[in-house]
Amino acid sequence: MRDLEKTLRDAVHDLADDAPHAFDLAGAARTQGRRIRRRRHAAAGAFALVLLSGVTVPYAWLRQMPQTPVVQPAPVEPSPTVTAGRSATQLPNFSIKEPYRLPGDAVVTMITIPSTVIVDGAETSGPNTYLSLDRGAAGYRKLPFDRSLAAMSPDSDVLAVSPDGERFAAEASRNQIVVLDARGRRLDTLNVDAYSRVGGDPVWSPDGSRLLIPTEDGFAVYETSTRKLREFQDPGIEPRCSDLCSFSWLPNGREFAVPREDLNEPRGEDIPDRIESVAVYSADTGARVRIIPMKGVPVGNQAWLPDGGSVLIREEQGIRVVDAVTGVPRGKLMAGPKAIYLSDGRILGYGSSFAQLYAADGTLLEEFRMPAQFAAEMTVEVARN
Amino acid sequence: MKQSLEDEFTAFVAERGQALLRIAHALTGDRESAQDLVQGALAKAYARWPRIHSDAEAYVRKIIYNDRASAWRRSARRNEVFVADVPDRAAERHHDQDVTDRLAVRDALLSLPARQRAVLVLRYLEDRSVDETAEALGCRPGTVASQASRALAKLRDMVGDRMTSVGGAR
Chain A
77 MRDLEKTLRD
87 AVHDLADDAP
97 HAFDLAGAAR
107 TQGRRIRRRR
117 HAAAGAFALV
127 LLSGVTVPYA
137 WLRQMPQTPV
147 VQPAPVEPSP
157 TVTAGRSATQ
167 LPNFSIKEPY
177 RLPGDAVVTM
187 ITIPSTVIVD
197 GAETSGPNTY
207 LSLDRGAAGY
217 RKLPFDRSLA
227 AMSPDSDVLA
237 VSPDGERFAA
247 EASRNQIVVL
257 DARGRRLDTL
267 NVDAYSRVGG
277 DPVWSPDGSR
287 LLIPTEDGFA
297 VYETSTRKLR
307 EFQDPGIEPR
317 CSDLCSFSWL
327 PNGREFAVPR
337 EDLNEPRGED
347 IPDRIESVAV
357 YSADTGARVR
367 IIPMKGVPVG
377 NQAWLPDGGS
387 VLIREEQGIR
397 VVDAVTGVPR
407 GKLMAGPKAI
417 YLSDGRILGY
427 GSSFAQLYAA
437 DGTLLEEFRM
447 PAQFAAEMTV
457 EVARN
Chain B
74 MKQSLEDEFT
84 AFVAERGQAL
94 LRIAHALTGD
104 RESAQDLVQG
114 ALAKAYARWP
124 RIHSDAEAYV
134 RKIIYNDRAS
144 AWRRSARRNE
154 VFVADVPDRA
164 AERHHDQDVT
174 DRLAVRDALL
184 SLPARQRAVL
194 VLRYLEDRSV
204 DETAEALGCR
214 PGTVASQASR
224 ALAKLRDMVG
234 DRMTSVGGAR
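Quick mapping for you: the protein sequence lines, in order, are chains A and B. Just so it is clear: in the first sequence, position 332 is 408 by this note's numbering, and no numbers are missing. Just so it is clear: in the second sequence, position 163 is 236 by this note's numbering, and no numbers are missing.
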């Protein structure tokens with residue numbers, strides 16, 4: 077005599093036994109995986125130029141430019157090149173001795189210099205170099221967060237910087253986030269099931285009083301004043317978060333937005349996930365407070381207009397202003413990959429090669445060429461001064 | 074990626090690829106879908122290999138289960154109206170009763186929502202505890218228990234009256 081559970085167990089094993097034989101799974105996964113990496117890389121660092129007509133100029137994949145000499149350059153895949161669409165004003169050279177100001181009273185707050193070399197066709201990564209704005213000293217300092225100090229995980233490349241540039245959060249090991257000061261001292265160790273290994277990175281609140289940490293089961297909020305970590309459960313966040321799963325704080329510092337993938341759209345590894353909305357959560361209660369329909373991911377904390385009226389989102393072709401309540405587009409498509417609202421309501425788009433000043437409706441006002449010292453693979457962070 | 078990590082990825086796939094395909098086939102019931110599911114999960118793992126290699130299998134399994142659940146949600150409407158085509162026992166009289174029962178359960182299993190099926194695969198193929206199943210699916214243990222209970226109840230509804238004995242079902 078058999079019971080249902082016994083029969084079920086046999087049936088499940090029968091199904092598993094009928095699985096096809098693995099054939100070159102590694103090779104196929106590699107090809108697909110490299111595509112994913114290129115896409116993430118491009119989204120994070122490439123600078124898509126959008127002409128006033130709305131036509132997208134092809135963008136370049138970032139090339140590896142090593143901090144140390146390339147031993148043997150590997151052939152790179154053919155890639156289109158960035159074309160400056162119109163005459164761009166050259167910005168002055170960067171110096172670590174003074175804050176580097178950008179048009180619209182913005183300032184470069186952080187420069188990340190990767191050291192990736194290609195040896196025999198394989199990428200080899202070394203520790204990043206971080207230059208952070210020291211507002212007190214009115215210059216830049218090199219952060220002592222290399223792997224030799226074991227402050228960061230050997231596999232970590234995530235470093236969240238507080239708005240005042242005095243606190244940093246990094247993944248020290250799996251399920252452990254460390255809070256550091258600029259001298260590399262640990263201020264706190266947070267044992268939390270962080271989600272960063274699959275996409276979401278920690279992000280500081282606009283006033284630097286809180287650190288938001290996406291987790292496997294939802295999110296956690298660390299309060300600097302009390303050094304308490306509160307964890308909130310919402311297992312629905314992770315499966316619906318997109319490839320470009322980045323959380324951003326709203327200007328009020330009490331709520332944050334999480335992108336939600338459109339489940340009705342076809343999905344493929346060679347195309348970006350489509351976004352249907354962002355969910356807004358309360359960092360005070362952990363509750364989801366509203367959903368805003370929009371077709372892109374907010375491009376960071378400073379993507380939100382301080383009065384909360386509109387937000388800059390990254391769409392497939394560039395960055396667009398949308399109404400922060402209804403999600404309705406309010407302006408033209410702009411270049412990326414990053415953008416912030418300036419204090420006067422204009423918008424600054426920027427990457428490591430170009431910066432562009434836009435009116436509030438996305439009309440291009442002026443274009444600038446970043447200093448040649450900012451090589452294309454560097455990551456530049458900018459904030460309102 | 075460092076050559077040593079490349080080699081590690083290759084070795085991982087060689088060692089665990091077939092086991093992952095077994096899980097994927099139990100989830101999908103379809104060879105092509107199973108291959109796509111595993112390949113997609115391995116691709117994501119490769120893209121982040123330097124960061125996840127120390128816990129690669131858990132990472133890949135989690136993606137497999139979550140991607141399957143996502144795929145199901147996208148076609149939820151279709152799946153919701155799908156009714157298992159349970160084999161007519163009268164037509165299977167020449168088979169051993171156990172085989173008939175297993176076929177009936179297998180077909181019924183494939184008609185369950187992906188989340189419920191995932192719970193059953195984790196519990197009955199991988200012999201995972203409720204807590205482990207919850208961790209793999211990113212939900213609470215209570216959710217696993219309720220999903221398992223609902224899934225078994227559905228199976229019982231679909232095939233119970235066709236089986237010679239369901240007395241032990243629980």
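Yeah, the Cβ is synthetic: ideal placement off N, Cα and C, and Gly gets one too.
Assumed close pair residue i, residue j - CB separation to whole angstroms, cut-off 8 Å
| i | j | result |
| --- | --- | --- |
| A:Pro239 | A:Glu442 | That pair is no contact at about 26 Å. |
| A:Val254 | A:Thr265 | 5 Å |
| B:Arg134 | B:Ala209 | 6 Å |
| B:Leu94 | A:Ala95 | 4 Å |
| A:Asp269 | A:Asp293 | 7 Å |
| A:Phe221 | A:Gly260 | 6 Å |
| B:Ala118 | A:Ile112 | Not really, about 10 Å apart at Cβ, beyond 8 Å. |
| A:Thr188 | A:Asn204 | 5 Å |
| A:Gly394 | A:Pro327 | The pair is not a contact, with the Cβ atoms about 23 Å apart (cut-off 8 Å). |
| A:Ala248 | B:Leu182 | Contact doesn't hold; Cβ gap of about 43 Å is too wide. |
| A:Pro290 | A:Trp325 | The pair is not a contact, with the Cβ atoms about 13 Å apart (cut-off 8 Å). |
Three-state secondary structure (DSSP) of residue i
| i | result |
| --- | --- |
| A:Gln140 | Because the pLDDT at A:Gln140 is just 29, under 50, the model does not fix this residue reliably, and the point stays unresolved. |
| B:Ala177 | helix |
| A:Thr165 | strand |
| A:Glu337 | strand |
| B:Arg229 | helix |
| A:Ala236 | strand |
| A:Phe212 | Just to set this straight, residue 212 of chain A is Gly in the shown sequence, not Phe. If DSSP states are grouped into helix, strand and coil, A:Gly212 belongs with coil. |
| B:Val159 | Low confidence applies to B:Val159: its pLDDT is 41, below 50, so where it sits in the model is not reliable, and the reading given next is rough at best. Coil, per DSSP. |
| B:Thr206 | helix |
| A:Pro151 | In this prediction, A:Pro151 has a pLDDT of 32, which is less than 50 and means its spatial position is unreliable; what the coordinates show is noted afterwards. It is coil, neither helix nor strand. |
| B:Arg223 | helix |
| B:Ser184 | coil |
| B:Trp145 | Here B:Trp145 scores only 46 on pLDDT, less than 50, and its place in the model should not be relied on; the value that follows carries that caveat. Helix at B:Trp145. |
| A:Met454 | coil |
| A:Ile389 | strand |
| A:Asp196 | With a pLDDT of 41 at A:Asp196, under the threshold of 50, the predicted position of this residue should be treated as unreliable, though the coordinate-derived value follows. Coil at A:Asp196, not helix or strand. |
| B:Glu130 | helix |
| A:Thr205 | strand |
| A:Val404 | coil |
| A:Arg366 | strand |
| A:Leu178 | strand |
| A:Arg110 | helix |
| B:Ala218 | helix |
| A:Ala459 | strand |
| A:Ala448 | coil |
Residue span of the beta strand (DSSP E) that contains residue i, given as start and end
| i | result |
| --- | --- |
| A:Gln414 | One point to set straight first is that residue 414 of chain A is Lys, not Gln, in the sequence displayed. Element bounds for A:Lys414: Lys414 to Tyr417. |
| A:Glu442 | Leu440 to Arg445 |
| A:Thr185 | Ala182 to Ile189 |
| A:Lys218 | Gly215 to Lys218 |
| A:Phe430 | Phe430 to Tyr434 |
| B:Ser77 | Looking at the DSSP string, B:Ser77 is not in any beta strand (DSSP E); the run it does join, the alpha helix (DSSP H), is Gln76 to Thr101. |
| A:Arg85 | Premise fails: A:Arg85 lies in the alpha helix (DSSP H), Leu80 to Asp93, not in any beta strand (DSSP E). |
| A:Tyr426 | Ile423 to Tyr426 |
| A:Ser171 | Element bounds for A:Ser171: n/a, residue is neither H nor E. |
| A:Asp399 | Ile395 to Asp399 |
| A:Val375 | From DSSP, A:Val375 is part of no beta strand (DSSP E); its letter is neither H nor E. |
| A:Ala355 | Ile351 to Ser358 |
Endpoints, the alpha helix (DSSP H) within which residue i is located
| i | result |
| --- | --- |
| B:Gln189 | Ala187 to Tyr197 |
| B:Lys117 | Arg104 to Ala120 |
Neighbour flag for residue i against chain E, beta carbons, 9 Å
| i | result |
| --- | --- |
| B:Ile137 | Reference to chain E is not applicable here, since the protein chains of this structure are A and B. |
**OP:** Let me know the beta strand (DSSP E) ranges lying completely inside the region 244–330 of chain A, each 3 residues or longer, listed in chain order.
**Re:** Within the region 244–330 of chain A, the complete beta strand (DSSP E) runs of at least 3 residues are 252–257, 262–267, 286–291, 294–299 and 304–309.
Original post:
Is the number of C-beta pairs between the region 372–380 of chain A and the region 397–414 of chain A that are closer than 8 Å three or more?
Top reply: Taking 8 Å as the limit for Cβ pairs, the verdict is that the region 397–414 of chain A does touch the region 372–380 of chain A.
**OP:** Take every Cβ of the region 351–362 of chain A, pair it with every Cβ of the region 410–422 of chain A, and state whether three or more of those distances are shorter than 8 Å.
**Re:** Verdict: no, contact absent.
Original post:
Counting Cβ pairs, one atom from each stretch, are 3 or more of them under 8 Å apart for the region 76–96 of chain B and the region 433–440 of chain A?
Top reply: With the rule of 3 Cβ pairs closer than 8 Å, the region 76–96 of chain B does not count as touching the region 433–440 of chain A.
Original post:
Can you find at least 3 beta carbon pairs, one from the region 325–334 of chain A and one from the region 215–232 of chain B, that sit closer than 8 Å?
Top reply: Touching, no.
Original post:
Touching or not, the region 87–105 of chain B and the region 187–204 of chain B, by the rule of three or more beta carbon pairs under 8 Å?
Top reply: Proximity of the region 87–105 of chain B to the region 187–204 of chain B meets the contact definition, three or more beta-carbon pairs being nearer than 8 Å.
Original post:
Does the region 422–430 of chain A touch the region 447–458 of chain A, meaning 3 or more C-beta pairs lie closer than 8 Å?
Top reply: Three or more pairs of CB atoms, one per stretch, sit closer than 8 Å, so the region 447–458 of chain A contacts the region 422–430 of chain A.
**OP:** Kindly confirm or deny that the region 109–121 of chain B and the region 179–193 of chain B touch, where touching means at least three C-beta pairs closer than 8 Å.
**Re:** Taking one beta carbon from each stretch, the region 109–121 of chain B and the region 179–193 of chain B have fewer than 3 pairs nearer than 8 Å; the two do not touch.
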